[in-house]
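In terms of our numbering, the sequence shown opens at residue 1489 and continues consecutively.
Just so you know, even glycine gets a beta-carbon here, dropped at the ideal spot from N, CA and C.
Take a look at the structure set out below.
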Amino acid sequence: MTNETATLVRGAGGLCLKAVLEIEGHFYIPGYQRGYRWGPDEVGQLVKDIHGNLGRNYCLQPIVVKNTGNEWELVDGQQRLTTLHLLVRALGGKPRWALRYETREQSADFLAQPDAERARTNIDFHHIWQAEQAIEAEVASIKPESRNAMLEALSNGVRVIWYEAPSHVPSIDLFTRLNSGRIPLDDAELFKALLLSQTLSATTGYATDEERTRQLVANELAVQWDTIERDLRRPEIWAFLAGNRTCATHISLLLEIVAGVPAGDAAGTFRVFDELSKQAEREGASAVWFKVVQLYERMLGWYANRRQYHHIGFLIAQAGTDGRDKMLREIASQAASRRHSDFGAWLAREVRRRLNVARSDLTDLRYDMHHARIQRLLLLLNVETTARNKHAEARYPFAAHHADSWELEHIHAQNAPELNTAKQWEAWITVHEEAVQSLPNDEHRNVVLKNIEIWREANATDAAVGDAFRDLANEILTFLAGNEAPKSEDEVHGLGNLALLSKSVNIGLGNSAFEAKRLKIIAYDHEGDFVPACTRHVFLKYYSEANTLQPHFWSAKDRAAYLTEIEAILSDYLGEEAQP
């Protein structure tokens, strides 16, 4: 909990949303506060934000007040309330509140009627004058009909988070806590403050049984909140639900779903808090909290169920950064509306629908034509392989998956790579020299190694060795391919010659032959880098028949065995024909 949220909760004052033009009365700004200091940038941004959110609810940061009887003491929010006063006037409206300053009495008169002459006499006047000029410049650039819409929005759509602090809390202490190490509040922190403040009774100074009961309930809610936040911060749970998304409070993921506000619309607008506040007004804050807890428990149930874990994890991962939040909402909606068995069946159908690959497609898919579909297929292949592991603890590591980006990698490169510098040529030759040396000693192997030695000597003295490198590279690739006939484009770019690799691992492989990649993959695996199970299986010849096993190159029989295994593992998800 941030300092600001703890302050809002402490003492159980009133927390609500209030439209700007619903604010009324007299406010005074105590002497312990500095004067108005917003510059043209802050003022202009506020006007732009309000104009940019026309037609939708938009919340501003809190205004904290204390009721002193005849007027409000403005504890926090002087800059916003003063700027809004100027904006309402610039739009042709009339603010329903007045401001006075305890130690700067003339500031109230100047705020009511700013002028350039007096602006030079006082630093507070100067900033108010600058703000008015900035607002008028922004408003002048807006079409008249939009100005009217902005004024209308200030009557309903644009609201402040209004917090009435208890009278017994010292104002200076409250102001200091709110402004010490200030971190902007987010929707989650505000909803927590609303939830706890509605649970606690107003302090009367006497420890009644009712107050003690409310305090116990509030403490229990706070513990529940912290437990949920802690669980959602576990990397394996968070990645499963949210991929590589980052946010200050992870419980926001649940609040956005309960509020029905897409994550992209939530940032910086307090729309989630706005919607949750409306629900709390209708149902009570505790009823809204119950929905959050229910969703949390449902998600933990998904995580605990290995079958659902792998289906949901795949669906979130395949949706990508732009689609993962929408996918999670759809999953949550289906889970809430279906029986447990029906939900599991829906997940399986959804995986099949998202994969969108027919059996007959397996031999036709190509790297250069169906890149995204192949990536989805190989991801599901790895997820499903892990799910089929009989060890109960075996789970596809979505946290490791989302920690990197993923690429399709040719299992065996057919042609010499397009490298342009002596350093690149030497690095490629060194890797493949090690691969050639790892093969059984025979005459052909020794010829290739001798040609590498000749090339290296020439490379040390002759800058024009690019053509010689390409000739040698093709010779090495042919040798490491078991002297098979050159593959067709379909064989090179087909599914049988493709595996899934993380970008960080793939950088070290490049256009290498199978044996060179195999040695590197084994090294990466030993070093603890995440290599997906099926990629590891490919380079360890896990799918190849024992009587045809040739461990050092990727043959036509290996490709056929790999395709057969893909079809077998994904049999439940392959359609008879793919949808367009």
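Distance between residue j and residue i (C-alpha atoms, nearest Å)
i, j, result
"residue 1583", "residue 1510", "9 Å"
"residue 1791", "residue 1742", "15 Å"
"residue 2006", "residue 1774", "57 Å"
"residue 1637", "residue 1807", "37 Å"
"residue 1871", "residue 1766", "41 Å"
"residue 1572", "residue 1891", "44 Å"
"residue 1859", "residue 1896", "8 Å"
"residue 1679", "residue 2052", "53 Å"
"residue 1669", "residue 1745", "The predicted model places residue 1669 with a pLDDT of 49, which falls under 50 and marks its position as unreliable, so this point remains unresolved."
"residue 1692", "residue 1555", "Low confidence applies to residue 1692: its pLDDT is 43, below 50, so where it sits in the model is not reliable enough to give any reading."
"residue 1868", "residue 1923", "31 Å"
"residue 1834", "residue 1684", "38 Å"
"residue 1725", "residue 1738", "11 Å"
"residue 1629", "residue 1535", "11 Å"
"residue 1706", "residue 1787", "24 Å"
"residue 2048", "residue 1934", "31 Å"
"residue 1547", "residue 1759", "7 Å"
"residue 2056", "residue 1776", "46 Å"
"residue 1606", "residue 1597", "11 Å"
Bridge-paired residues (DSSP) for residue i
i, result
"residue 1770", "Answer is none; residue 1770 lacks a bridge partner."
"residue 1646", "1546"
"residue 1713", "The partner list for residue 1713 (beta bridge, DSSP) is empty, contrary to what the question assumes."
"residue 1551", "1650"
"residue 1562", "1553"
"residue 1854", "1982"
Residue i in three-state terms, based on DSSP
i, result
"residue 1504", "strand"
"residue 1780", "helix"
"residue 1962", "helix"
"residue 1537", "helix"
"residue 1736", "coil"
"residue 2056", "helix"
"residue 1615", "helix"
"residue 1690", "With a pLDDT of 39 at residue 1690, under the threshold of 50, the modelled position of this residue cannot be trusted; read the value that follows with caution. Residue 1690: coil per DSSP, three-state reduction."
"residue 1878", "coil"
"residue 1704", "helix"
"residue 1846", "strand"
"residue 1748", "coil"
"residue 1581", "coil"
"residue 1918", "helix"
"residue 1527", "coil"
"residue 2042", "coil"
C-beta neighbour in chain D for residue i, strict 7 Å
i, result
"residue 1578", "Among the protein chains of the structure shown there is no chain D, as only one such chain exists."
First and last residue of the uninterrupted alpha helix (DSSP H) at residue i
i, result
"residue 1819", "1794 to 1825"
"residue 1576", "1566 to 1578"
"residue 1865", "1859 to 1875"
"residue 1724", "1723 to 1730"
"residue 1522", "Premise fails: residue 1522 is in no alpha helix (DSSP H) and is neither H nor E."
"residue 2012", "2002 to 2014"
"residue 1832", "1828 to 1843"
"residue 1595", "1593 to 1600"
"residue 2024", "2021 to 2027"
"residue 1639", "1632 to 1641"
"residue 2065", "No alpha helix (DSSP H) contains residue 2065, which DSSP labels as neither H nor E."
"residue 1606", "1604 to 1607"
"residue 1656", "Per DSSP, residue 1656 belongs to no alpha helix (DSSP H) and is neither H nor E."
"residue 2018", "No alpha helix (DSSP H) contains residue 2018, which DSSP labels as neither H nor E."
"residue 1886", "1886 to 1890"
Beta-carbon spacing of residue i, residue j below 7 Å
i, j, result
"residue 1846", "residue 2065", "yes"
"residue 1764", "residue 1751", "no"
"residue 1882", "residue 1874", "yes"
"residue 1812", "residue 1843", "no"
"residue 1588", "residue 1516", "yes"
"residue 1617", "residue 1504", "no"
"residue 1562", "residue 1553", "yes"
"residue 1886", "residue 1728", "yes"
"residue 1824", "residue 1740", "no"
"residue 1803", "residue 1894", "no"
"residue 1545", "residue 1762", "yes"
"residue 2050", "residue 1982", "no"
"residue 1531", "residue 1611", "no"
"residue 1620", "residue 1574", "yes"
"residue 1914", "residue 1940", "no"
"residue 2027", "residue 1900", "no"
"residue 1647", "residue 1507", "yes"
Span of the beta strand (DSSP E) around residue i
i, result
"residue 1513", "1513 to 1517"
"residue 1990", "1986 to 1990"
"residue 1585", "1585 to 1589"
"residue 1897", "1894 to 1898"
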